[in-house]
Each structure stands twice: as structure tokens, then as C-alpha cells.
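Undergrad: Next up is a structure, given as C-alpha cells.
Numbering (the working numbering), first residue to last: 2 to 199.
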């Protein structure tokens, strides 16, 4: 019975396709388009879920955020605490420690047209917006933390994972005149780095 029905359907479709080829093509094409749209929507839903997980992954660690807020209380850099706490502890420790050494947690920082550049780490990268003394200017505290944290994370992955090794932040290979004060830089950064790591 089922085989007869299938044969009958095939005959009807075949006859219809021969009599009205354009209409048949349009029906097949529409079915194809609907299928593509359905599959695309399913893929977009999957991507949305993946992105949602990524966003959740970058939510601040409440305990780390409290530590950072207590340490930075009364300094401009305290408004960056939620973004710092969204990084792993090692990166967060370098953000806090280098920020203390380079800008006194935001009290001494580059300006552009009198406005804060949110650059509390002495970060230099050629950009459209450059502040006083050739430092990079950021649009927001969040952007500043994200970009500087990415650089620190990259350096850690390359093995610059202690204040002593991270001194290249101050003076590159530290063979030129910039190397003056490198020992003090390491000592000061190490002090605050250890407060967050140990």
C-alpha cells in the first residue's frame, strides 16, 4: 500500500514538473530557501549561546573585585575594579601593581585636551589618540583595561610572568638609558603583585 502511494506521488510530481516546469522550479527553490533560513537561524542561536557563555566567562569575580576595590579605594583607578576583576588573578595583579608604579593608580596619568586618557600603566601604542608624553589614550576605563590586560596576558604567555621579567614593560631589553630605575620598578611592582597573588 505504501509503495503504491509513493509511486503515485512520484507520478504526480513528475507529471506536474513536465507540465509546469517554472512553477515546479519555484516551489523547489522556495523549499530550499526556507531550509537554508531555518538552518541559519539554528546556527545563529548556537552562536548566541556561545557568545553568552563568553560574556558570562568575563563577568567579574566578586571576591577579586572586592580585593581590588579595597586596595584602590580613593584613587581614580577604582572605577576599573569590575573590569580588572574580570581578568584572571595573575593579569589582575599585574594591572594593579603596574598601575600603582606608573601612575599612583591614576593620580598621575596622561591627558588629551585636558581629559583623562584612562592610561594608568604607561602603555604606549601608536594610535589616533595620543596623550601627553606619547602615551596611548583610551575611550573608556573598560577599553583601557581590556587592551592593557590583553598585552599583559600575551607577555605572561611568552614567559614574562614575574615582576622581574615584566620589567621590559618599563625599559624593553633594559640595555639603554631607560634601564635607570629598573631595580626600583621591579621592587615596587613586586610589592603590590605579591599582595594580590599570595
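By construction, the Cβ of each residue, glycine as well, lies at the ideal position given by its N, Cα and C atoms. From a predicted model like this one, the values you see are computed outputs, not experimental measurements.
Buried or exposed for residue 46, going by 16 or more other Cβ atoms inside 10 Å?
TA: At residue 46, the pLDDT of 35 sits below 50, so the modelled position is not reliable and the matter cannot be decided from this model.
Undergrad: Could you tell me how far apart the beta carbons of residue 146 and residue 85 are, in whole angstroms, since I believe they sit closer than 8 Å?
TA: Contact holds; Cβ gap of about 6 Å.
Undergrad: Taking the Cβ atom as the reference point for each residue, do residue 122 and residue 73 lie within a distance shorter than 7 Å?
TA: No. Outside cutoff.
Undergrad: Within the same chain, show all residues whose beta-carbon is closer than 7 Å to that of residue 99, passing over the 5 residues directly before and after it, in chain order.
TA: The answer, listed in chain order, is 122, 170, 190.
Undergrad: Between the beta-carbon of residue 150 and the beta-carbon of residue 168, is there less than 7 Å?
TA: Contact flag unset, no.
Undergrad: Output needed for residue 60: all residues of its chain with C-beta closer than 7 Å, excluding positions within five of it in sequence on either side, in chain order.
TA: Same-chain partners within the cutoff: 87.
Undergrad: Report the CB separation of residue 153 from residue 92 in whole angstroms; it is logged as a contact under 8 Å.
TA: That pair is a contact at about 5 Å.
Undergrad: Can you tell me the Cβ-Cβ gap for residue 77 and residue 108, rounded? I've got them flagged as a contact below 8 Å.
TA: Residue 77 to residue 108, Cβ: 7 Å. Contact.
Undergrad: Which residue marks the beginning of the alpha helix (DSSP H) containing residue 92, and which one marks its end?
TA: Here the alpha helix (DSSP H) through residue 92 covers 90-104.
Undergrad: Among 198, 177, 141, 165, which residue has its Cα nearest to the Cα of residue 185?
TA: Answer by Cα proximity: 165.
Undergrad: Flag residue 194 as yes if its beta-carbon sits less than 7 Å from any beta-carbon of chain B, otherwise no.
TA: Annotation note: the requested chain B is absent from the structure, which comprises a single protein chain.
Undergrad: According to DSSP, residue 116 sits in a beta bridge with which residue or residues?
TA: Beta-bridge pairing links residue 116 to 113.
Undergrad: Hey, quick one: how far does the alpha helix (DSSP H) through residue 142 stretch, first residue to last?
TA: From DSSP, the alpha helix (DSSP H) with residue 142 extends over 142-158.
Undergrad: Between which two residues does the alpha helix (DSSP H) holding residue 194 run?
TA: Start and end: 183-198.
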